[in-house]
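Okay, structure first, notes after.
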Amino acid sequence: MMNTLPVFESLMAGKDLSDEDMRAMLFACMQGTLSDAEVAAFLALLRMKGESVSELVSAARVLEELAHHVSLGERLVDIVGTGGDGKNTFNISTVSSFVAAAAGVSVAKHGNRAVSGKSGSADLLTLAGFNLQPDEGTLKASMRACNIALLFAPHYHETLLRVRPVRKALGFRTFFNLLGPLINPARARLQVVGVCSPLLQESIARVLAELGRERVLVVCSEDGLDEISPCAPTRVVEYANKRFSHWTLYPEAFDCRHPSLEPIIVNSPAESLALANAVLEGCPGPARAAVILNAAAAIYCATPNLDLKDAIEKAKTAIDSGAALACFNMASTLSHTGSPS
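Residue numbers (this note's numbering): 3 to 343.
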């Protein structure tokens, strides 16, 4: 049994944990050798001190080591939010993933059921008729046929189930909320990651860089979305070519500005699916604008020497040509059969 007292005393003194201590605590949490009280104390004290980049990197590496992985090819991109924005918008990143795939980008979409929102990626896809428990052969067939594979997080991160009751009882954000979505089971090295606070952007970008990602966009909109917003400027921390840059995306620069998030707020997966269908069928409005902006970010992230304006045009074409809707429907069929109907 691990002696946790020295770790707790370090955290109470405001000291960052060493890589050795952080890894030992994570393995103990994941392997069930700590009591619930010890897990709760560890998570609470670390949150109170504030997680350092080095601690987050150590934790992320443990989660990567313990995850089940699937091999789906190279140059994979994922669009994912870390949640916690409290906005209850429809599943923008999920729909954007199909648009990016239809534009020719290989997407390994990592998703889960709703935690704080009204509709998680898995909730939407289940309602749309997708099978979220395909085998690896089916995932590979989907990637070959329509450039996308859907990875339901609990199938690949079983050890996280051990700490779920404690996390639920605590009720506040822990580093698991931040890191869980980042650990892509297909080892995607290109990522568009949304966070709900600009205070998290730099640290998340640096964590992903330390984990060996090739290119990353960490986004946070000024209206509080953990995605690129059609209603406000979005701050971007980009990591590429081993360098960090900071810039701001203005939706009006791409004819995607809308006055209010209200039309894209949902109360159920059914409402989210209705908006998803409307976007894929080419209906105008803020839902379409949000998807275009976020899909374009993934296309930009995954395509060398492509500027954002051209990525926007690729996203629009993927929708307006019907390719994105066809991708969505084919991926649904493939999730059950492993081959096109």
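Backbone N, C-alpha and C define an ideal beta-carbon position, used for all residues, glycine too.
If you draw a straight line from the C-alpha of V209 to the C-alpha of R189, how long is it? V209 and R189: Cα-Cα distance of roughly 15 Å.
Rounded C-beta distance between L19 and A147? I'm assuming under 8 Å. Not quite, the Cβ-Cβ distance comes to about 45 Å (not below 8 Å), so this is no contact.
Quick check on Q203: does DSSP put it in helix, strand or coil? Looking at Q203 - three-state DSSP - the assignment turns out to be helix.
Round the Cβ separation of G86 and N179 to the nearest angstrom and send it over; I've been treating them as touching at under 8 Å. Yes, G86 and N179 are in contact; Cβ-Cβ is about 7 Å, under 8 Å.
Limits of the alpha helix (DSSP H) - the one that G113 falls within: In the DSSP annotation of this structure, G113 is not part of any alpha helix (DSSP H); the continuous beta strand (DSSP E) holding it starts and ends at 109-113.
Return the first residue and the last residue of the beta strand (DSSP E) that H248 is part of. Element bounds for H248: 245-251.
Can you look up D312 in the DSSP assignment and give me helix, strand or coil? Secondary structure at D312: helix, using DSSP grouped into helix, strand and coil.
Kindly indicate the opening and closing residues of the alpha helix (DSSP H) around G139. Per DSSP, the continuous alpha helix (DSSP H) segment holding G139 begins and ends at 138-148.
Does D38 come out as helix, strand or coil in the three-state DSSP assignment? Collapsing the DSSP output to three states places D38 in a helix.
Given this structure, state the Cα-to-Cα distance separating L68 from H159, to the nearest angstrom. So the alpha carbons of these two residues sit roughly 7 Å apart.
To the nearest angstrom, how far is it from the Cα of V221 to the Cα of Y252? V221 and Y252: Cα-Cα distance of roughly 12 Å.
Among residues of its own chain, excluding the 5 on either side of N93, which ones have a beta-carbon nearer than 7 Å to its beta-carbon? Hits under 7 Å: S121, S123, L126, S274, A278.
Could you check if P261 is buried or exposed, using at least 16 other CB atoms within 10 Å of its CB as the buried criterion? Of the residues assessed, P261 falls on the exposed side of the cut-off, its CB having fewer than 16 other CB atoms within 10 angstroms.
Output the boundary residues of the alpha helix (DSSP H) element that contains A303. Reading the sequence as shown, one finds Cys at residue 303 and not Ala. Per DSSP, the continuous alpha helix (DSSP H) segment holding C303 begins and ends at 288-304.
Less than 6 Å between C-beta atoms, sequence neighbours within five positions excluded: which residues of the same chain meet that for C285? Cβ-Cβ distances below 6 Å link C285 to nothing in the same chain once the five nearest sequence neighbours on each side are left out.
Which residue marks the beginning of the alpha helix (DSSP H) containing T91, and which one marks its end? Boundaries for T91: no alpha helix (DSSP H) harbours it, and the DSSP string shows neither H nor E there.
Stretch-stretch touch, CB-based, cutoff 8 Å, three pairs: the segment 92-107 with the segment 132-139: Here the segment 92-107 makes no contact with the segment 132-139; the two share fewer than three CB pairs at distances below 8 Å.
May I ask you to list the residues that DSSP assigns as paired with C222? Answer is R237, bridged to C222.
Boundaries of the beta strand (DSSP E) in which V194 is found, first to last residue: Where V194 is concerned, the enclosing beta strand (DSSP E) stretches over 192-196.
Any beta carbon from chain B within less than 7 Å of A297's own beta carbon? No chain B is part of this structure, which consists of one protein chain only.
Rounded to the nearest angstrom, what separates V82 and K244 at their Cα positions? Spanning the alpha carbons of V82 and K244 requires a straight line of approximately 21 Å.
Express the C-alpha separation of W249 and R25 in angstroms, rounding to a whole number. Taking the Cα positions, R25 is about 34 Å away from W249.
For G139 and A333, what's the separation of their Cα atoms in angstroms? If you take the alpha carbons of G139 and A333, they lie about 14 Å apart.
Which residues mark the beginning and the end of the beta strand (DSSP E) in which D80 is found? Counting along the chain, the beta strand (DSSP E) containing D80 begins and ends at 79-83.
Could you tell me the alpha carbon to alpha carbon distance between K318 and A300, rounded to whole angstroms? Between K318 and A300, the C-alpha separation is close to 13 Å.
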